[in-house]
Each structure stands twice: as C-alpha cells, then as structure tokens.
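> 1 is the number of the first residue of the sequence shown in the working numbering; add one for each residue after it.
Here it is: the structure, laid out below.
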Amino acid sequence: MIDVAAFDMAGTTVEDGASVLEAFDRVLDLAELDGTKRVSARNYVVETMGQSKIEVFTHLFGERASELNHAFEGLFREVVDERGAREIPGVRLFVEDLIERGVRVGLTTGFSPETRELLIERLGWNDLFRVRVSPVDAGRGRPFPDMIWHCARELAVTDITRSAAFGDTPSDITSARRAGVGLVVGVLSGTGTRDDFAALGVAHVLASVVESGELLANW
C-alpha cells in the first residue's frame, strides 16, 4: 500500500461541470474580447487546465492579469452559488477508507486559496483533507512539482516514491512526474482524454479515483 495520496480538485475529486469555463467566459465579457481573440483565449484556458490561474491570466491579459483574476474569483463564486459544488461520486467514502488504512491524503489545485476554501466549505471537506495546497502556498503552480513537494512536506513524506498522485489534466501528470511520485494516475472524470494520457505514456488511466483501490493496495 502507498503511504501518501495527493489529489487534484476540479475534474479529479470535484465535479467541474464546466464551472471554470463558465466563469472564464464571464471574464472574457469583462475584458471585451470577441471573435478570434476570444476563441484563442478560451482554447488556451482549456489547454492549460490545472495550471495556476494567475499564471494563465498573466499570459493572456498581461497588465490586467491581477484585475481579471480577482474578477474570476468572484465570478467563479457566482457560478458555484448558481450550480452548487459536488464531489465526484464516492470520493468521500473512498478517501475515508484510505485514511482508515493509514494513507495520508492531501489536495493540490491551481485555484487560489480563497476559491479552494470556498469549494472545501461547500463540499464539507474540512475534516477530510487537512492538507490543501495552492500555487501561492508552494511558490509555483503546475506543471512545476512545487505543490506536490509542499504537500509531501506537510504530510511528513520520507520517500516520495511511495506516494500516489491523481489528476485529470496533462499538467497534473507532468507535475507529479517531475516531483518523483511513484504512482501517477490519470482520471477521465475531468478534461483529460485517453488520447491526452496516451500521448504522455501514462500507464494507469481510470474513469475515476474511486476505481483505484486495488491499484493502491498492490503498489
């Protein structure tokens, strides 16, 4: 059995339901982007899903990045208020079972701490994931390994090769590999496709994190 499991949030443990893209579309309205520029910006967001939001906004909006990222935080809250926040079915029971078996667990996300904690509160996960890491906590976001390293330190990891990391985007996979994680798992519950993971040579691709019990037990 692994010692530690690090999970991404949106698309991996939390149902996204296109909430991130909806909030971003509202940001594009504020930025008054249309036509090919709007399409290009939206495509970039999809391609970089899982990465630090402020870094994505800096690439897209330059000097307006901080302003529009702040707007995104508020607009995402609006979308969550409208649609609610839901876990991927079975996640709580799955994680509780891991904890009972001695596995230490943590969350990593490209969201800011404010957005992350909004989701944690709405999901009732304060007691489930006590270690939660955003790019600002670690120094850099994905695809860099910093968030996983930070999570590992908080969870007192002594051998990162005995850790598992789960994610639904190529950035999640790249970050975990750079961190030296022993078991890297791609899930199809978010934006990533089998083709995306195949292109990266990911050995373990599952429909959902809750299907990984046997894999983790035998690692």
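Glycine included, C-beta positions come from ideal geometry on N, C-alpha and C.
Excluding sequence positions up to five away, which residues of its chain have a Cβ less than 8 angstroms from the Cβ of arginine 122?
Within the sequence shown, numbered from 1, the residue matching residue 122 stands at position 122. Cβ within range, chain order: Val80, Gly84 and Ala85.
> Below 6 angstroms CB to CB, which residues in the same chain sit around serine 171 once its five sequence neighbours on both sides are set aside?
Reading the sequence shown from its first residue, position 171 is the one you call residue 171. So the qualifying residues of the chain are Gly50, Gln51, Arg142 and Pro143.
> Is valine 202 closer than 8 angstroms to isoleucine 173 when the C-beta atoms are compared?
Here residue 173 is taken as the residue at index 173 of the sequence shown, counted from 1. Here residue 202 is taken as the residue at index 202 of the sequence shown, counted from 1. Yes, these two residues count as a Cβ contact at 8 angstroms.
> Work out the CA separation of aspartate 97 and threonine 161 for me, nearest whole Å.
Mapped onto the sequence shown, residue 161 falls at position 161. Mapped onto the sequence shown, residue 97 falls at position 97. Cα-Cα distance, rounded: 21 angstroms.
> Please say whether tyrosine 44 and leucine 28 have beta carbons closer to each other than 8 angstroms?
Here residue 28 refers to the residue found at position 28 of the sequence shown. Here residue 44 refers to the residue found at position 44 of the sequence shown. The answer is no: Cβ separation not under 8 angstroms.
> What would DSSP say about serine 212, mapped onto helix, strand or coil?
If you number the sequence shown from 1, residue 212 lands on position 212. Residue state, collapsed to three classes: coil.
> Please tell me whether arginine 103 and phenylalanine 7 are closer than 8 angstroms, where the distance is taken between their beta carbons.
The residue labelled residue 103 in the question sits at position 103 within the sequence shown. The residue labelled residue 7 in the question sits at position 7 within the sequence shown. In the sequence under discussion, the amino acid at residue 103 is valine, which differs from the arginine named in the question. No, these two residues do not count as a Cβ contact at 8 angstroms.
> Candidates Phe24, Phe111, Ile99 and Val56: which alpha carbon is nearest valine 4's?
Taking the first residue of the sequence shown as 1, we reach residue 4 at position 4. Out of Phe24, Phe111, Ile99 and Val56, Ile99 has the C-alpha closest to the C-alpha of valine 4.
> Have a look at leucine 183 and glutamate 32 and give me their C-alpha separation to the nearest angstrom.
To locate residue 183, count along the sequence shown from 1; it is residue 183. To locate residue 32, count along the sequence shown from 1; it is residue 32. Looking at the two C-alpha atoms, the distance is approximately 43 angstroms.
> Return the residue from the list Glu22, Arg64, Ala10 and Thr108 that minimises the CA-CA distance to alanine 176.
Within the sequence shown, numbered from 1, the residue matching residue 176 stands at position 176. Alanine 176 has its Cα closest to that of Thr108, out of Glu22, Arg64, Ala10 and Thr108.
> For alanine 10 versus leucine 75, is the C-beta spacing smaller than 8 angstroms?
Here residue 10 is taken as the residue at index 10 of the sequence shown, counted from 1. Here residue 75 is taken as the residue at index 75 of the sequence shown, counted from 1. No.
> Is valine 133 buried or exposed, if buried means 16 or more other CB atoms sit within 10 Å of its CB?
Counting from 1 along the sequence shown, the entry for residue 133 is found at position 133. Answer is buried; the Cβ neighbour count reaches 16.
> Please give the ranges of any beta strand (DSSP E) in the segment 150-209, keeping only runs that are unbroken, at least 3 residues long and fully inside the region.
163-167, 183-187 and 204-206
> Please classify arginine 116: is it buried, with 16 or more other beta-carbons within 10 angstroms of its beta-carbon, or exposed?
If you number the sequence shown from 1, residue 116 lands on position 116. Counting Cβ neighbours within 10 Å, arginine 116 comes out buried, since at least 16 surround it.
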